[in-house]
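Residue numbers for the sequence shown follow the numbering used here, so the first one is 138 and each next one is one higher. The C-beta atom is built at its ideal place from N, Cα and C for all residues, glycine as well. Each remark here refers to the structure printed beneath this line.
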Amino acid sequence: MTMINAYAGDPTPLSEAERALIARRERLLGPAYRLFYRNPVHLVRGEGVWLYDPEGRPYLDAYNNVASVGHCHPHVVEALARQAAVLNTHTRYLNEVVLQYAERLLAKFPPELSRVLFTCTGSEANDLAVRIAKAFTGGTGLIVTENAYHGGTDVVAGLSPSLGPAVPLGEHVRTVPAPDPRTPRGEIGARFASGVRAAIADLMRHGIKPAGLIVDTVFSSDGVFPDPAGFLAPAVEAIRAAGGLFIADEVQAGFGRTGEAMWGFERHGVLPDMVTLGKPMGAGHPIAGLVVRPEVGEAFGRTSRYFNTFGGNPVSCAVGAAVLDVMEGESLRASTREVGLYFKSGLQRLANVHAAIGDVRGVGLYLGVEFLVDERADLAETYAADVVNALRDRRILVSATGPKGNVLKIRPPLVFGKEHVDLFIDALDEVLEDIGKGAGQ
Ligand code: PMP
138 MTMINAYAGD PTPLSEAERA LIARRERLLG PAYRLFYRNP VHLVRGEGVW
188 LYDPEGRPYL DAYNNVASVG HCHPHVVEAL ARQAAVLNTH TRYLNEVVLQ
238 YAERLLAKFP PELSRVLFTC TGSEANDLAV RIAKAFTGGT GLIVTENAYH
288 GGTDVVAGLS PSLGPAVPLG EHVRTVPAPD PRTPRGEIGA RFASGVRAAI
338 ADLMRHGIKP AGLIVDTVFS SDGVFPDPAG FLAPAVEAIR AAGGLFIADE
388 VQAGFGRTGE AMWGFERHGV LPDMVTLGKP MGAGHPIAGL VVRPEVGEAF
438 GRTSRYFNTF GGNPVSCAVG AAVLDVMEGE SLRASTREVG LYFKSGLQRL
488 ANVHAAIGDV RGVGLYLGVE FLVDERADLA ETYAADVVNA LRDRRILVSA
538 TGPKGNVLKI RPPLVFGKEH VDLFIDALDE VLEDIGKGAG Q
């Protein structure tokens with residue numbers, strides 16, 4: 138999350154116009170912003186799984202999970218424009234649109250999770266989840282994985298070790314190792330739970346009462362660890378036994394991304410106390426939220442009011458509903474499952490012929506390809522960066538993830554078809570052939 142796949146400032150491959158854009162950006166936006174790729178990509182238009190540069194050249198998007206139903210889906214665009222032309226206010230007036238969307242969204246959850254609060258970003262949703270968890274449990278201790286990312290407010294940046302050592306963790310935050318794929322499958326759940334129990338014990342030893350365990354249910358910034366389905370259950374039991382809540386961060390895994398379920402937590406057979414949503418919820422429009430069990434939200438709701446000026450506005454809710462229309466109308470969950478399996482088997486085929494691929498993981502259209510060069514993740518980071526940039530030069534967009542940045546992160550819009558997978562696999566095959574083992578060293 139810190140510097141993975143960031144443009145490092147070498148202007149060599151850039152045109153004069155691109156250099157000027159970068160200089161303007163730096164002057165106006167300052168140093169906190171990062172561009173992707175050694176040769177940054179300039180985009181002006183999107184459609185389906187394709188993005189286009191000013192010259193009209195197409196880029197295959199295998200990275201942007203936000204535009205889950207495809208870039209600029211006409212049904213979503215139309216819903217946005219229609220509601221924008223009628224009314225856009227906030228949640229302090231009576232209005233049907235927010236309630237209709239809330240009903241449709243909540244119908245996608247187990248019946249216990251029957252209330253929703255709307256925000257604009259995943260960070261706000263996680264921030265609110267922390268406030269509610271503290272109010273409900275009376276505790277302040279929070280547990281996250283070692284390379285988690287949960288957002289950018291002060292509190293959730295403190296829950297995001299992937300931001301790097303310069304961004305301090307919250308004082309009452311403890312980290313646990315993400316599941317290690319080299320652990321025998323049958324032991325992954327028990328090991329993850331024992332990490333959580335150790336973190337709980339450490340909190341207690343410091344006089345800190347646990348408030349909750351929060352995990353991204355596909356562990357995307359930790360390196361993509363969705364399997365085996367079910368492994369989260371013992372950790373959820375452990376946090377509950379200590380009086381804390383389980384918060385499922387579905388910003389990455391939610392809205393059908395795994396193909397196997399609407400929400401990542403469902404694959405694990407667990408029932409969260411709270412679920413946070415974002416990114417694909419509005420297919421690019423900023424809508425996010427928090428789904429909560431009523432009894433959990435009660436204490437907070439009684440004592441603190443919640444108002445988010447833009448969260449839950451009618452335009453955002455119309456967009457959210459249109460995204461659900463497309464997911465249902467185009468059977469995106471079923472196709473995600475099928476195309477995801479096809480994609481994964483293509484990657485596994487490449488793993489059999491390219492020694493640098495150490496592991497292929499993933500579910501649905503959330504896939505990770507871990508590189509190992511001479512069994513060393515540190516060398517593999519440069520290797521992964523070379524692969525990401527070589528794919529970019531072939532106009533295929535992906536990025537990398539994991540604490541060492543050595544895992545290709547593949548998560549295209551869910552309208553990705555088998556024909557797009559074929560393009561990707563052929564290009565990756567050629568790139569790995571070209572780079573060869575060790576070329577990144
Ligand atoms: N949680 C997870 C798992 C995320 O990946 C992100 C964004 N990368 C967030 C929360 C924060 O979402 P936002 O950028 O909308 O604030």
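Exercise. How should L231 be labelled, buried or exposed, when 16 other C-beta atoms within 10 angstroms of its C-beta is the threshold for buried?
Worked result: As a first step, residue 231 must be located in the sequence shown, where it is residue number 94. Exposed: under 16 other Cβ atoms inside 10 Å.
Exercise. Which of helix, strand or coil does DSSP assign to H212?
Worked result: Within the sequence shown, the letter at position 75 stands for residue 212. Three-state result, H212: helix.
For this session: For G495, collect the residues of the same chain with a Cβ closer than 7 angstroms to its Cβ; drop the 5 residues on either side in sequence, then sort them by chain order.
Result: Mapped onto the sequence shown, residue 495 falls at position 358. Counting only Cβ-Cβ distances below 7 angstroms, and skipping sequence neighbours, we find E507, F508, L509.
Exercise. Any heavy atom of ligand 1 within a distance shorter than 8 angstroms of the CB on T473?
Worked result: For this step, residue 473 is matched to residue 336 along the sequence shown. No; taking the cut-off as 8 angstroms, the Cβ of T473 has no heavy atom of ligand 1 nearer than that.
Exercise. Any idea what DSSP makes of S358, helix, strand or coil?
Worked result: Along the sequence shown, one-based indexing puts residue 358 at 221. Looking at S358 - three-state DSSP - the assignment turns out to be coil, as it is neither helix nor strand.
Exercise. Any contact of the segment 516-535 with the segment 316-334, i.e. 3+ C-beta pairs under 8 angstroms?
Worked result: no
Problem set entry | Same chain, Cβ closer than 6 angstroms to T320, five either side skipped, listed in chain order | Here residue 320 refers to the residue found at position 183 when the sequence shown is read from its first residue. R328.
Exercise. If you measure from the CB of A425, is any heavy atom of ligand 1 nearer than 8 angstroms?
Worked result: Here residue 425 refers to the residue found at position 288 when the sequence shown is read from its first residue. Yes, the beta carbon of A425 sits closer than 8 angstroms to at least one heavy atom of ligand 1.
For this session: Verify the CB distance criterion: does V407 have a CB-CB separation below 9 angstroms to chain C?
Result: You won't find chain C in this structure, because it holds only one protein chain.
Problem set entry | CB of V200 within 9 angstroms of CB of V535, strictly | The sequence position of residue 200 within the sequence shown is 63, counting from 1. The sequence position of residue 535 within the sequence shown is 398, counting from 1. At residue 200 the sequence reads Tyr, which differs from the Val that was named. Yes, the Cβ-Cβ distance between Y200 and V535 is below 9 angstroms.
Problem set entry | E467 CB to nearest heavy atom of ligand 1 below 8 angstroms | As a first step, residue 467 is located in the sequence shown; it is residue number 330 there, counting from the start. E467: no, Cβ never under 8 angstroms from ligand 1.
Problem set entry | Where L242 falls: helix, strand or coil (DSSP) | By one-based count along the sequence shown, residue 242 stands at place 105. Here L242 sits in helix by DSSP.
Problem set entry | First and last residue of the uninterrupted alpha helix (DSSP H) at P371 | Against the sequence shown, residue 371 aligns to sequence position 234. Note, P371: alpha helix (DSSP H), 370-378.
Problem set entry | Residue range of the unbroken beta strand (DSSP E) whose run includes L545 | Position 408 of the sequence shown, counting from 1, holds the residue named residue 545. Residues 544-547.
For this session: Return the CA-CA distance between A169 and E163, expressed in angstroms with no decimal places.
Result: The count along the sequence shown starts at 1 and reaches residue 169 at position 32. The count along the sequence shown starts at 1 and reaches residue 163 at position 26. Looking at the two C-alpha atoms, the distance is approximately 9 angstroms.
Problem set entry | Same chain, Cβ closer than 6 angstroms to G289, neighbours up to 5 away in sequence not counted | Residue 289 sits at position 152 when you count from the first residue of the sequence shown. S260.
Exercise. Between the segment 196-216 and the segment 417-437, do three or more beta carbon pairs fall short of 8 angstroms?
Worked result: yes
Exercise. What separation, rounded to the nearest whole angstrom, lies between the Cα atoms of R439 and A492?
Worked result: Counting from 1 along the sequence shown, the entry for residue 439 is found at position 302. Counting from 1 along the sequence shown, the entry for residue 492 is found at position 355. In a straight line, the C-alpha of R439 is about 58 angstroms away from that of A492.
Exercise. Of the residues K481, G381, P177, which one's Cα is nearest the Cα of T149?
Worked result: What you label residue 149 is simply residue 12 of the sequence shown in a count that begins at 1. When each option's Cα is compared against that of T149, the closest is P177.
For this session: Kindly identify the DSSP beta-bridge partner or partners of P195.
Result: Taking the first residue of the sequence shown as position 1, residue 195 is located at position 58. In the DSSP output, where bridge partners are listed per residue, P195 has Y189.
Exercise. What does a CB cutoff of less than 8 angstroms around R532 pick up in its chain, not counting 5 residues either side in sequence?
Worked result: For the purposes of this step, residue 532 is identified with residue 395 of the sequence shown, where counting begins at 1. So the list reads R194, P195, Y196, L197, once near-sequence residues are dropped.
Problem set entry | Which listed residue (V181, I141, A154) has its alpha carbon closest to that of Y174 | Counting from 1 along the sequence shown, the entry for residue 174 is found at position 37. Per the Cα distances, I141.
Problem set entry | Residues bridged to L504 (per DSSP) | Taking the sequence shown and counting its residues from 1, one reaches residue 504 at position 367. DSSP output for L504 lists G499, I547 as bridge partner(s).
Problem set entry | Neighbour-count burial assignment, H343, 16 or more Cβ in a 10 Å radius | As a first step, residue 343 is located in the sequence shown; it is residue number 206 there, counting from the start. When all chains shown are included, H343 counts as exposed.
Exercise. Does the segment 210-219 come within contact of the segment 447-461, defined as at least 3 CB pairs closer than 8 angstroms?
Worked result: yes
Exercise. Per DSSP, what kind of secondary structure is L172 in: helix, strand or coil?
Worked result: Here residue 172 is taken as the residue at index 35 of the sequence shown, counted from 1. Correct three-state label for L172: coil.
Exercise. When the Cα of T282 is compared with those of V568, T354, L236, G393, which residue comes out closest?
Worked result: The residue given as residue 282 occupies position 145 in the sequence shown. Residue T354 is the option with its Cα nearest to T282.
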